Amino acid sequence: MKVVTGVIGNDIHVVANRLIDLSLKARGYEVFNLGVNTYLEEFFDAVIETDADILLISSLNGEAEGWGREVKALKAEYKGLDKLIMMIGGNLTVGAGKAEDIIPKYKSYGFDLVCHQIDLNTGLDMLADYIKEKSA
Amino acid sequence: MSSQNDKLLIDVGSTYFKVCVTSDAPERRQLEQHFRNFNQTILDDLMHKCGHTISSFDHDDVFICSSANGGLSTLIIGLTHTFSLKYATNIAFNSGINIIDTILYQDLDSATVPSDLIDVVIIAGGINSKGDAFADDLYQYLHNVNYSNIVYVGNELDAANAKAQLPELVILPNIIDDRLHIIEEDLKAYLTNLYQQDIMGKEDIKDLYQISSNQIFSTPYIVNQTLPLIDASYSVVNPFILLDIGGATTDIHYSKDLVEENMVTNNEFDRLVFKKLGVYKSRESLIFNAKNNEFVYELLMHLGVTENIFEEQSDKATRILMQLAIFLVLCKMSHYREAYTNLKLTAVKSIVLTGGVTKVLKQEEVDDIIGFFFTKILTSKHRPVTIMDTDYSIWTLGSRVQDVNLREQ
Chain B
24 MKVVTGVIGN
34 DIHVVANRLI
44 DLSLKARGYE
54 VFNLGVNTYL
64 EEFFDAVIET
74 DADILLISSL
84 NGEAEGWGRE
94 VKALKAEYKG
104 LDKLIMMIGG
114 NLTVGAGKAE
124 DIIPKYKSYG
134 FDLVCHQIDL
144 NTGLDMLADY
154 IKEKSA
Chain C
27 MSSQNDKLLI
37 DVGSTYFKVC
47 VTSDAPERRQ
57 LEQHFRNFNQ
67 TILDDLMHKC
77 GHTISSFDHD
87 DVFICSSANG
97 GLSTLIIGLT
107 HTFSLKYATN
117 IAFNSGINII
127 DTILYQDLDS
137 ATVPSDLIDV
147 VIIAGGINSK
157 GDAFADDLYQ
167 YLHNVNYSNI
177 VYVGNELDAA
187 NAKAQLPELV
197 ILPNIIDDRL
207 HIIEEDLKAY
217 LTNLYQQDIM
227 GKEDIKDLYQ
237 ISSNQIFSTP
247 YIVNQTLPLI
257 DASYSVVNPF
267 ILLDIGGATT
277 DIHYSKDLVE
287 ENMVTNNEFD
297 RLVFKKLGVY
307 KSRESLIFNA
317 KNNEFVYELL
327 MHLGVTENIF
337 EEQSDKATRI
347 LMQLAIFLVL
357 CKMSHYREAY
367 TNLKLTAVKS
377 IVLTGGVTKV
387 LKQEEVDDII
397 GFFFTKILTS
407 KHRPVTIMDT
417 DYSIWTLGSR
427 VQDVNLREQ
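These protein sequence lines map, in sequence, to chains B and C. Each residue of the first sequence is one higher than the last, beginning at 24 in this note's numbering. Each residue of the second sequence is one higher than the last, beginning at 27 in this note's numbering.
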């Protein structure tokens, strides 16, 4: 399956981005890595150009909180993204925050899978389970 | 009579033409600039004003470039703004094309069909493993468009169907690689060729072969040749931008180091054109642009004039318009007003000005307007060094480089 990934907003956590890239490839995904400092429109545009199945956005400095609010409205402007699996992970809030508050908030933004402060492999296992569940 | 190493360089612009004699002997060097007489053919006008100089050169020693063909009109249809449309636009500008309209494929059903003849339509979109990017609606739309050339630079899987639908379609390699990077060479070569053919096909330009036996090139191409060598003429510090502000358009050539986006290309320099920013042929649209800029009245106050200056036909009005053109171009390239690409202007070390602007404005007037822009729009104390190419050294150097290249082939 094809995955578009990158770090959203003015966030330069390149090591995390590289680890996600390597881990996805190790699991057999075809990865289109947009790198750090990526804007929301670029993510969706890359999905359209590559025909990706999954969009995996990472955020390490909490910037996703601001960008997340735009996701639903922007995604609605695109045709043909209905089947796209939307996943976000990293540190998804500024300051302290509880996962039980953060996860529903991001799901309301339009993400299918939300991984706040959990390790990468656990997050990718969640993705694999979600894909299996969807295709069953 | 000219000596063996003397060359005559002629640049025919939309408003002016320039005639330059280069020579090893300083006393023989000369530069003339004349306002074009639009009631005469270019050749008649040239011979009327500079006939004596032109007649003293062998046809082999006369080199001509021109941007007076009006430019090619281009319609680009692509899948996304960030990739296919942006990449194709970038390549088109770098190929010397001035007039570019874009349509996002998903918005095709609400797009109007251009009423004028389009010189070239470009279809782009998708990496090679993406198929079915384009459906019948594209071909139905194109059926209603009046175009001279059409080229497909999208994904490989859709190419065969596109060709079947449009037999006149030229298919070139995809401009997007499998890592979403830009591939420029093939489309750039195709468009540069079309531009060249267009210049050579214009009756007015064809006449010029009566005075030169060398190929006539497009001026943007010649200027682009010079950019890597610009420090041979001036102490330009990289990264720099070159503003060519003339009568009809404003061309910007900029170091790739100034681009914020992740568009990876092999070029050191890119080009962008604002087709309606000029002080003669595009005067009205320049004024329209100025009136729509919220800082313009503050700028006019800073320059000590009122908006009545727009109605005046005087040297002073031309100077103010040139200053406005510099300001508007910088605005468009900054984050304040989005062009198709933005530049990190606070990182610019040098701004080189060439074209008609150098004949109208003094160095301090240019510095003043650039200072105003950096203070007001970028709220920065940064001041790039400004360099005025008053004797058209950049164009002269570019023409000579072209001459050397031709001789080496």
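Note that beta-carbon positions come from the ideal geometry of N, C-alpha and C, so glycine has one too. Remember, it's a predicted structure, so these values are computed and weren't measured experimentally.
Glutamate 65 of chain B: contacting residues in chain C (beta-carbon distance under 8 Å):
Thr108
Serine 131 of chain B - containing alpha helix (DSSP H), residue span
122-132
Using a Cβ-Cβ cut-off of 9 Å, state whether lysine 156 of chain C counts as contacting chain B.
yes
What separation, rounded to the nearest whole angstrom, lies between the Cα atoms of threonine 252 of chain C and tyrosine 52 of chain B?
45 Å
Pairwise C-alpha distance: serine 81 of chain B and valine 27 of chain B:
11 Å
Using a Cβ-Cβ cutoff of 8 Å, what residues of the stretch 178-210 of chain C are near chain B? List them in chain order.
Ile202, Arg205 and Leu206
Report the residues of the stretch 87-106 of chain C with a CB closer than 7 Å to any CB of chain B, ordered along the chain.
Leu105 and Thr106
Proximity to threonine 245 of chain C [Cα-Cα], best of C:His328, C:Val411 and C:Phe43:
C:Phe43
Note down, in chain order, each residue of its chain lying with its Cβ closer than 7 Å to the Cβ of alanine 159 of chain C, except the 5 sequence neighbours on either side.
Leu105, Gly151, Gly152, Gly180, Asn181 and Asp184
Where does aspartate 424 of chain C sit, in a helix, a strand or coil, going by DSSP?
With the sequence shown as reference, residue 424 of chain C is identified as glycine, and aspartate is not the correct amino acid for it. Helix, per DSSP.
Using only CA atoms, which one of C:Leu350, C:Lys370 and C:Gln349 lies nearest to methionine 359 of chain C?
C:Lys370
Helix, strand or coil at phenylalanine 55 of chain B [DSSP, three-state]:
strand
Residues in its own chain within less than 8 Å of valine 65 of chain B by CB, not counting five upstream and five downstream?
Note that residue 65 of chain B corresponds to glutamate in the displayed sequence, not to valine. Result list for glutamate 65 of chain B: Gly29 and Leu57, in chain order.
Are the Cβ atoms of cysteine 46 of chain C and threonine 276 of chain C separated by less than 9 Å?
no
Distance between isoleucine 335 of chain C and aspartate 233 of chain C (C-alpha atoms, nearest Å)
39 Å
How would you call histidine 408 of chain C, buried or exposed, if buried means at least 16 neighbouring beta carbons within 10 angstroms?
exposed
Flag this pair as yes or no: are the beta carbons of phenylalanine 353 of chain C and valine 322 of chain C separated by less than 9 Å?
yes
Report all residues from its chain with a CB closer than 7 Å to the CB of cysteine 76 of chain C; omit the five preceding and five following residues, and keep chain order.
Val45 and Glu58
For alanine 159 of chain B, decide whether its Cβ has a neighbour in chain C, counting only Cβ atoms nearer than 9 Å.
no
Neighbouring residues, chain C, relative to aspartate 68 of chain B (Cβ below 7 Å)
Thr106, His107, Thr108 and Phe109
Supposed contact pair leucine 78 of chain B and methionine 110 of chain B - C-beta distance, whole angstroms, cut 8 Å:
7 Å
In the DSSP assignment, find the unbroken beta strand (DSSP E) run with threonine 276 of chain C in it and report its ends.
276-281
What number of angstroms, rounded off, separates the C-alpha of phenylalanine 243 of chain C from the C-alpha of glycine 424 of chain C?
11 Å
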